[in-house]
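Participant: The sequence shown begins at 201 in the numbering used here and counts up one residue at a time. Built from N, CA and C at the ideal position, the CB exists for glycine as well.
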Amino acid sequence: MKYTRGLLKKLEELAEQIGYKLRYEQGHFQAGYCRVESRKLIIINKFFDLEGRINCFLELLPGIPVDQSMLDEDIVHNYQKIMDLRVREEAIAS
Numbered sequence: 201m202k203y204t205r206g207l208l209k210k211l212e213e214l215a216e217q218i219g220y221k222l223r224y225e226q227g228h229f230q231a232g233y234c235r236v237e238s239r240k241l242i243i244i245n246k247f248f249d250l251e252g253r254i255n256c257f258l259e260l261l262p263g264i265p266v267d268q269s270m271l272d273e274d275i276v277h278n279y280q281k282i283m284d285l286r287v288r289e290e291a292i293a294s
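1) So, do the segment 265-279 and the segment 235-252 have three or more beta carbon pairs nearer to each other than 8 angstroms?
2) Ignore the nearest five residues each way along the sequence and tell me which others in alanine 231's own chain have a CB closer than 8 angstroms to its CB.
3) Should isoleucine 292 go down as buried or exposed, given a rule of 16 or more other Cβ atoms within 10 Å for buried?
4) Whose C-beta lies closer than 8 angstroms to the C-beta of arginine 327 among residues of the same chain, with five residues either side of it excluded?
5) To the nearest angstrom, report how far apart glutamate 225 and leucine 208 are at their CA atoms.
6) Quick one: is the Cβ of glutamine 226 within less than 7 angstroms of any heavy atom of the ligand COA?
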């Protein structure tokens with residue numbers, strides 16, 4: 201998977217579509233990100249480069265419930281593509 205600004209933008213749009221607010225802030229999170237369930241908030245370390253930010257999203261996505269019927273068609277397509285790539289990468293790693 202190519203880590204591009206376009207991919208990051210798609211992930212940010214996905215977070216917005218599923219009702220999560222996204223913030224890039226300084227923090228001492230062990231994994232580089234923090235998810236606050238009660239407020240639907242995702243905070244990613246602002247000092248991460250492009251690859252680090254995308255990796256945080258890819259780690260978070262499987263744990264976030266997504267109602268695909270509420271998403272725009274292009275966002276659903278991107279979400280499915282990203283999740284398929286994630287599954288393939290995990291299969292290769294194991």
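Facilitator: Well, looking at it:
1) By the criterion of at least three beta-carbon pairs nearer than 8 angstroms, the segment 265-279 is not in contact with the segment 235-252.
2) Your numbering for residue 231 matches position 31 in the sequence shown. Only Cys256 and Glu259 meet the Cβ criterion.
3) Start at 1 with the first residue of the sequence shown, and residue 292 comes out as number 92. It counts as exposed.
4) Residue 327 falls outside the range modelled here, since the chain spans only 201 to 294, and no answer is possible.
5) For the purposes of this step, residue 225 is taken as residue 25 along the sequence shown, with counting starting at 1. For the purposes of this step, residue 208 is taken as residue 8 along the sequence shown, with counting starting at 1. Looking at the two C-alpha atoms, the distance is approximately 16 angstroms.
6) In terms of ligand content, the structure shown is empty, and the ligand COA therefore cannot be addressed.
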